[in-house]
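Undergrad: Chains as they are written, first to last, in my numbering: chain A, 65 to 176; chain B, 2 to 115. We put the beta carbon where it would ideally sit given N, CA and C, even for glycine. This is the structure, below, for whatever I ask next.
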Amino acid sequence: DAGITQSPRHKVTETGTPVTLRCHQTENHRYMYWYRQDPGHGLRLIHYSYGVKDTDKGEVSDGYSVSRSKTEDFLLTLESATSSQTSVYFCAISLGSNTEAFFGQGTRLTVV
Amino acid sequence: GENVEQHPSTLSVQEGDSAVIKCTYSDSASNYFPWYKQELGKRPQLIIDIRSNVGEKKDQRIAVTLNKTAKHFSLHITETQPEDSAVYFCAASPNGGSNYKLTFGKGTLLTVNP
Chain A
65 DAGITQSPRH
75 KVTETGTPVT
85 LRCHQTENHR
95 YMYWYRQDPG
105 HGLRLIHYSY
115 GVKDTDKGEV
125 SDGYSVSRSK
135 TEDFLLTLES
145 ATSSQTSVYF
155 CAISLGSNTE
165 AFFGQGTRLT
175 VV
Chain B
2 GENVEQHPST
12 LSVQEGDSAV
22 IKCTYSDSAS
32 NYFPWYKQEL
42 GKRPQLIIDI
52 RSNVGEKKDQ
62 RIAVTLNKTA
72 KHFSLHITET
82 QPEDSAVYFC
92 AASPNGGSNY
102 KLTFGKGTLL
112 TVNP
């Protein structure tokens, strides 16, 4: 498996609290992504990064922010968690265009 | 942006039969089309991919075909086995300079009955 680790693996938080999910890679891949997976919706892109400090929005970016201060770390922050953000979050990495994306183990987030 | 439609959403076959999953995409700039398999509780993993300069690619029991004119691509699994049961996702990506977005379909739950 590619060297990609997500933390935490499970989290329960209350509505209105901030939450940060971490994705750490040891592969030195340029591209990193955050997806959320919900039944009936597949994998939807939240934000992605194409280099240190270079990020862009995906299709479901509202309510989320990201930061990438180092090649190996990509953080996803929910500024004020809502119940609609209950989901499984996957981080992925890739070398670039036309190359395989490797996924982390996923983080199950429950907002109560 | 890119929109990927995937059909069917569920597919049930008997062991040994073939399974076909179809996807269409909207962005004519897309030129990379991977397929991922996700077993229950696991992460998605690449099983096969195809690039726009190729019309068909095969790897043992799995094949993918691409029709760029019609903007659709398909996954074919022959001689299905119970371990093929999983959710399968298609995806599409343009080769757009320094940016690279991988857009997924909504997935197909394949069940192979022994």
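#1: From the beta carbon of A/Y153, is the nearest beta carbon of chain B less than 7 Å away?
#2: Just confirm the distance between the C-beta atoms of A/Y99 and A/I110, as a whole number of angstroms; I'd bet it's less than 8 Å.
#3: Note down, in chain order, each residue of its chain lying with its Cβ closer than 7 Å to the Cβ of A/H93, except the 5 sequence neighbours on either side.
#4: Can the beta-carbon of B/I22 be found closer than 7 Å to that of B/F34?
#5: Tell me whether A/Q89 sits in a helix, a strand or coil according to DSSP, three-state version.
#6: Is any beta-carbon of chain B found at less than 7 Å from that of A/C164?
#7: How about B/V5 and B/Y26: are their beta carbons less than 7 Å apart?
#8: Would A/V175 be called buried (16 or more neighbouring beta carbons within 10 Å of its own) or exposed?
#9: Pick out whichever of B/T104, B/Y89, B/A87, B/T109 has its Cα sitting closest to the Cα of B/N32.
#10: At what residues does the beta strand (DSSP E) containing B/E6 begin and finish?
#11: Considering only the beta carbon of each residue, do B/T109 and B/Y89 sit closer than 7 Å?
#12: Which residue's Cα is closest to the Cα of A/L173: A/L142, A/V124, A/I68, A/Y114?
#13: Can a CB atom of chain A be found closer than 7 Å to the CB of B/K107?
#14: I'd like to know whether the C-beta of B/Y26 is nearer than 7 Å to at least one C-beta of chain A.
#15: With a threshold of 7 Å between beta carbons, is B/P45 in contact with chain A?
#16: Going by C-alpha to C-alpha distance, which of A/F167, A/F166, A/Y153 sits closest to A/K75?
#17: Can you round the beta-carbon distance between A/F167 and B/R44 to whole angstroms, since I take them to be within the 8 Å contact cut?
#18: Keeping to the same chain, check which residues put their C-beta closer than 7 Å to that of A/G115; ignore five residues upstream and five downstream.
TA: Looking at the coordinates:
#1: Start at 1 with the first residue of the first sequence, and residue 153 of chain A comes out as number 89. A/Y153 does not count as touching chain B.
#2: The residue given as residue 99 of chain A occupies position 35 in the first sequence. The residue given as residue 110 of chain A occupies position 46 in the first sequence. Contact holds; Cβ gap of about 6 Å.
#3: Position 29 of the first sequence, counting from 1, holds the residue named residue 93 of chain A. If we look at A/H93 and ignore the five residues flanking it on each side, its Cβ neighbours are I157, S158, L159.
#4: Here residue 22 of chain B refers to the residue found at position 21 when the second sequence is read from its first residue. Here residue 34 of chain B refers to the residue found at position 33 when the second sequence is read from its first residue. In this structure, B/F34 does not lie closer than 7 Å to B/I22 by Cβ.
#5: Start at 1 with the first residue of the first sequence, and residue 89 of chain A comes out as number 25. Residue state, collapsed to three classes: strand.
#6: Here residue 164 of chain A refers to the residue found at position 100 of the first sequence. Note that residue 164 of chain A corresponds to Glu in the displayed sequence, not to Cys. It does: the Cβ of A/E164 has a partner Cβ on chain B nearer than 7 Å.
#7: For this step, residue 5 of chain B is matched to residue 4 along the second sequence. For this step, residue 26 of chain B is matched to residue 25 along the second sequence. Yes; because the gap between Cβ atoms is below 7 Å, this pair is in contact.
#8: Within the first sequence, the letter at position 111 stands for residue 175 of chain A. Per the 10 Å Cβ criterion, buried.
#9: For the purposes of this step, residue 32 of chain B is taken as the residue at position 31 of the second sequence. Closest by alpha carbon: B/T104.
#10: Translated into the one-based positions of the second sequence, residue 6 of chain B becomes position 5. Its beta strand (DSSP E) spans residues 5-8.
#11: Taking the first residue of the second sequence as position 1, residue 109 of chain B is located at position 108. Taking the first residue of the second sequence as position 1, residue 89 of chain B is located at position 88. Yes, these two residues count as a Cβ contact at 7 Å.
#12: As a first step, residue 173 of chain A is located in the first sequence; it is residue number 109 there, counting from the start. When only C-alpha atoms are compared, the closest one is A/L142.
#13: Residue 107 of chain B sits at position 106 when you count from the first residue of the second sequence. With 7 Å as the cut-off, B/K107 counts as an interface residue toward chain A.
#14: In the second sequence, the residue the question calls residue 26 of chain B occupies position 25. So no, B/Y26 is outside the interface.
#15: The residue labelled residue 45 of chain B in the question sits at position 44 within the second sequence. Yes, B/P45 lies at the interface with chain A (some Cβ there is under 7 Å from its Cβ).
#16: The count along the first sequence starts at 1 and reaches residue 75 of chain A at position 11. Per the Cα distances, A/Y153.
#17: Locating residue 167 of chain A in the first sequence gives position 103, counting from the first residue. Locating residue 44 of chain B in the second sequence gives position 43, counting from the first residue. With 8 Å as the limit, A/F167 and B/R44 qualify as a contact, their Cβ atoms being about 4 Å apart.
#18: Here residue 115 of chain A refers to the residue found at position 51 of the first sequence. Cβ neighbours of A/G115 beyond the five flanking positions: R94.
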